[in-house]
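Colleague: Numbering (my numbering), first residue to last: 123 to 264.
Here it is in structure tokens:
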């Protein structure tokens with residue numbers, strides 16, 4: 123006579139499986155949130171590169187350039203007529219004093235008197251600061 127035995131999971135095995143599932147879910151949630159922050163950082167770097175390219179174009183073309191910011195876009199203009207405009211996707215220009223700001227570069231590529239400044243951008247979770255240094259015209263993210 124063959125005895126039929128039932129095999130069931132013990133409580134300990136179920137707890138271990140649930141713990142493993144929770145660990146996997148927490149790791150995946152952290153990676154998803156870090157991807158959103160990465161998009162914001164990439165956009166801040168692009169804005170920095172646009173300001174640097176406006177400075178370099180002023181040097182190479184020997185004509186003044188300006189970079190205009192509004193709440194949701196950036197516009198680069200050269201005195202010679204070149205224009206470029208780009209909308210922000212993940213960030214918003216955040217200035218308490220005004221809703222628009224202009225950075226002007228001279229023919230030599232240095233910021234004019236009012237060109238050296240600090241720009242503030244706001245993402246979903248973090249705020250970013252881009253600084254245009256006087257005299258050298260260097261652009262830094264802080």
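Every residue, glycine too, gets a C-beta built ideally from N, C-alpha and C.
1. Does the separation of the CB atoms of residue 189 and residue 199 fall below 9 Å?
2. May I ask you to report which of helix, strand or coil DSSP gives residue 247?
3. Just to confirm my understanding: we take residue 254, look at its own chain, exclude 5 residues before and 5 after, and list those with CB closer than 7 Å. What are they?
4. Could you compute how far the alpha carbon of residue 215 sits from the alpha carbon of residue 227?
5. In the DSSP output, which residue or residues are listed as bridge partners for residue 68?
6. Apart from the five residues on each side of it in sequence, which residues of its chain come closer than 7 Å, Cβ to Cβ, to residue 170?
7. When DSSP labels each residue in this structure, what does residue 170 get in the three-state scheme?
Modeller: Straight from the coordinates:
1. yes
2. coil
3. 173, 225, 233, 237, 238, 239 and 261
4. 20 Å
5. Absent from the structure is residue 68, since the part of the chain shown begins at 123 and ends at 264.
6. 252, 261 and 263
7. helix
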